[in-house]
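A.B. asks:
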Amino acid sequence: NTLSSGSLSVLNTNLATLSSSRRDRFRADHIGYIFQQFNLLPYLNVIDNVLLPCQFSKVRRDRVTPNASKAELLSQATTLLERLHLPTNLHSRPVSELSIGQQQRVAAARALIGHPALVIADEPTSALDHDNRMAFIELLMEQANQANATLIFVSHDPTLESLFDRTINLPEINQSSDMEALA
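Numbered by full-length UniProt numbering, the letters in the sequence shown go through residues 1 to 183 in order.
#1: What would DSSP say about residue 204, mapped onto helix, strand or coil?
#2: According to DSSP, is L73 helix, strand or coil?
#3: Return the chain-ordered list of same chain residues with a C-beta closer than 8 angstroms to the C-beta of N45, the five sequence neighbours on each side being excluded.
#4: Does the beta-carbon of F164, which I'm using as the reference point, lie nearer than 7 angstroms to any heavy atom of the ligand GTP?
#5: Quick check on this structure: which residue in L74, S9, I47 has the alpha carbon closest to the alpha carbon of residue 247?
#6: Check whether the Cβ atoms of A68 and H115 lie closer than 8 angstroms to each other.
#7: Using 8 angstroms for Cβ pairs, my map puts V119 next to A144. What's the rounded Cβ distance?
#8: Pairs of beta-carbons, one from the region 25–41 and one from the region 75–85, closer than 8 angstroms: are there three or more?
#9: Between S57 and D29, which are expected to be in contact by the criterion C-beta below 8 angstroms, what is the C-beta distance as a whole number of angstroms?
#10: Keeping to the same chain, check which residues put their C-beta closer than 7 angstroms to that of A63; ignore five residues upstream and five downstream.
#11: Distance check for I173 and Q55, CA to CA, integer angstroms please.
#12: Buried or exposed, going by whether 16 or more other CB atoms sit within 10 Å of the CB of S155?
#13: If you reduce the DSSP assignment to three classes, tell me which class S9 lands in.
#14: Please report how far the alpha carbon of residue 208 lies from the alpha carbon of T88, in whole angstroms.
#15: Which class does N169 belong to by DSSP, given the choice of helix, strand or coil?
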């Protein structure tokens with residue numbers, strides 16, 4: 001979708017002025033996503049799923065290490081997965097063989113690799129029980145902080161609000177006539 005009026009700035013870039021291909025490049029370079037359904041590629045193993053953003057974005061690849069070698073990328077992916085408590089023996093397995101919680105951690109590692117400035121997580125804990133949900137959120141926040149990334153976490157669960165520095169409820173945005181008040 002394109003804007004019919006106004007502007008949309010993310011990370012000091014007006015997305016409305018970018019061509020479609022430049023918006024795609026901007027997203028690949030600067031935004032990590034954790035989709036509600038994870039959107040992992042089932043025919044790839046864990047490591048290859050995590051490394052996908054580095055295949056699409058030289059910027060993300062170079063944030064691992066400038067002109068990163070395959071070994072350096074592999075090391076970064078392995079480190080992220082270990083920090084997210086995914087056992088090393090699962091790293092070469094197809095993601096289709098993992099539990100939902102394990103797939104979720106792979107999706108988080110994929111979103112975080114290459115230190116994107118913005119991480120958007122869409123209902124990433126909806127399939128988890130309370131204890132696993134809290135542990136995952138703590139790990140995600142820790143990793144986002146280490147990457148110095150802004151985390152936007154979308155959830156329908158109001159019990160999670162207290163875990164975040166700032167919360168915005170969509171009904172408030174929809175009723176607001178002045179979007180500037182939310183900044």
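Ideal placement from N, C-alpha and C gives every residue a C-beta, glycine not left out.
C.D. replies: Reading it off the structure:
#1: Outside the shown range of the chain (1 to 183) lies residue 204, about which nothing can therefore be said.
#2: In the structure shown, the three-state DSSP call for L73 is helix.
#3: Cβ within range, chain order: H91, S92, R93, P94, V95.
#4: By its list of ligands, the structure shown contains no ligand whatsoever, and the ligand GTP lies outside what it can speak to.
#5: Because the chain here runs from 1 to 183, residue 247 falls outside it and cannot be looked at.
#6: Not a contact, by the Cβ cut-off of 8 angstroms.
#7: Correct: roughly 5 angstroms between the Cβ atoms.
#8: Below 8 angstroms, too few C-beta pairs join the region 25–41 and the region 75–85 to call them touching: fewer than three.
#9: That pair is a contact at about 5 angstroms.
#10: Note that residue 63 corresponds to Arg in the displayed sequence, not to Ala. By the criterion of a C-beta distance shorter than 7 angstroms, R63 is surrounded in its chain by G114, H115, once the five residues flanking it on both sides are discounted.
#11: Taking the straight line joining both Cα atoms gives about 36 angstroms.
#12: When all chains shown are included, S155 counts as buried.
#13: Of the three classes helix, strand and coil, the one that applies to S9 here is strand, per DSSP.
#14: The structure shown does not extend to residue 208, since the chain spans only 1 to 183, so no value can be given for it.
#15: If DSSP states are grouped into helix, strand and coil, N169 belongs with coil.
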